[in-house]
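Position one of the sequence shown corresponds to residue 54 (our numbering), numbered consecutively onward. Shown next, in structure tokens, is the structure this report addresses.
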Amino acid sequence: MLYYYQILVLFLLMFFLGLLLRNLIDFSFMPQKSPYAGPLVSVLVPARNEALNIERCVRSLLQQDYGVFEIIVLDDGSTDKTPELLDGLMKESAGRLQILRGEALPDGWHGKTWACFQLSRMAKGELLLFTDADTMHKSDALRRSVGSLMDSGSDMLSIMPHQELGSFWEKLLVPLIHVILLCYLPIRLVRTSPNPAFSFANGQFILFRRDFYERIDGHAAVRNAIVEDVWLCRAVKKAGGRVAAYNGSDIVSCRMYRNFKEIWEGFSKNLFAAIGYSTPGLFMLVTVIAALYVAPYLFIASSVLMGDFSVSMFWLPFFQITVAIICRLAIARVFHQSLILSLLHVISQSVLIAIAINSFMMIKYGKGAYWKGRNYNFS
């Protein structure tokens, strides 16, 4: 029985490796586009307590080589120096930057969805780009993304930016986002299948055709969603729209978190929400992570302690570990992450299990998730 269990685990890991290799081909960069004056683009940036990031974000947006665009930043009740920094940037921008002060958060909304909704009401563009305040954009980012959206005939386009990783824990844990995306979701079906189950969007950078955004009721349709990006993508597909997904690590970068505390709080806020607040779903997630990535090390340790180097106790777990690490190394190589820390993939997955349990407990039985001075209570 143990032998067949080990074979099943190895088969699943090999399947995920195969899907990863396919995705690394399909998840391509956006093609180069010549400068042109296309439709007016409204670049919309929600910002709350982003004093460390807002200046470089806005300055990078002001340097875009696209023909016609406007930039609107909404200060969502920041309690740090974000408002003062925005005022300074507006004076420097020669009228190219607009600043909004966010209205009070209504019942039934979450902070980011409400901020994005307010931004969309003020936008004049035919295209709407929602991008986070912790991003930085190369000068051709807008031109290439608009060109790719128009050429593909898509109604929504999203990318995976380069994730800037500074601290040890960032380098160890943030790449799990790439593992989840590229090992478990067929990217080709995001583009070709109308099934909402095959949905990808990254709230760090989402470009919409305005008419389709309004057709799905925009952020009002996902007003109480924490992972609003994926739910927006599902709404687009349900309405018959087309979605484009690209590797945007060559044109946009993002520093999501800066330390373990921020990673713990951010992942805990999102994880249980990402599986639809499903208790069985969370139990299955934890079980699968433990079986695929943690248990093989326990079998190896037991094998060494007992002197049992049989196929089931040692060699199959050894190959399982090898395949899992190959997956992590392949992602690290393509997305310029730490190769050495990829070898500690078991620690990453073990911490992810702890985060999953914490996400479940604080949302189901606690006071909800805490993020940037706000409490999100879903119980």
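Backbone N, C-alpha and C define an ideal beta-carbon position, used for all residues, glycine too.
Exercise for the section: Could you spell out the range, first to last residue, of the alpha helix (DSSP H) harbouring S355? Expected result: In the DSSP assignment, S355 falls within the unbroken alpha helix (DSSP H) covering 348-359.
Handout entry: Inter-residue Cα distance where the pair is M143 and Q151
Key = Looking at the two C-alpha atoms, the distance is approximately 7 Å.
Problem - Run of the beta strand (DSSP E) containing L260, from where it starts to where it stops - result: Secondary structure note for L260: its beta strand (DSSP E) is the uninterrupted segment 258-262.
Problem - Cβ neighbour criterion (16 or more within 10 Å) applied to G161 - result: Its Cβ having fewer than 16 others within 10 Å, G161 is exposed.
Handout entry: Euclidean distance between Cα positions of G206 and R295
Key = The alpha-carbon atoms of G206 and R295 are separated by roughly 7 Å.
Handout entry: Cβ pair count under 8 Å reaching 3, the stretch 339-348 against the stretch 216-231
Key = The stretch 339-348, when compared against the stretch 216-231, does not touch it at the 8 Å Cβ threshold.
Practice task
Sort out for me which residues DSSP pairs Y299 with in a bridge.
Solution key: In DSSP, Y299 forms a bridge with I212.
Practice task
Determine the contact status of L180 and V94, defining contact as a CB-CB distance below 8 Å.
Solution key: With contacts defined as CB atoms closer than 8 Å, L180 and V94 qualify as a contacting pair.
Handout entry: CA nearest to the CA of F258, picked from T332, V121, A297, P84
Key = Scanning T332, V121, A297, P84 for the CA closest to the CA of F258 turns up A297.
Practice task
Can you say whether Y58 is buried or exposed, counting buried as having 16 or more other CB atoms within 10 angstroms of its CB?
Solution key: Exposed is the call here.
Problem - Length of the line joining the Cα atoms of Y299 and R241 - result: Approximately 10 Å, taken between the alpha carbons.
Handout entry: Beta-carbon proximity list for S356, same chain, < 8 Å, skipping 5 on both sides
Key = Around S356, the same chain offers F362, S363, M366, F367, P370 as residues with beta carbons nearer than 8 Å, after the five sequence neighbours per side are excluded.
Handout entry: Beta-carbon proximity of H398 to A377, cut-off 8 Å
Key = It is a contact, given that the beta carbons lie within the stated cut-off.
Practice task
State buried or exposed for Y266, treating a residue as buried only when at least 16 other CB atoms are found within 10 Å of its CB.
Solution key: Burial call: buried.
Practice task
Could you tell me if H272 is buried or exposed, where buried requires 16 or more neighbouring beta carbons within 10 angstroms of its beta carbon?
Solution key: Classification of H272: buried, given that the 10 Å Cβ count is 16 or more.
Practice task
Return helix, strand or coil for N102, following the three-state DSSP convention.
Solution key: Correct three-state label for N102: coil.
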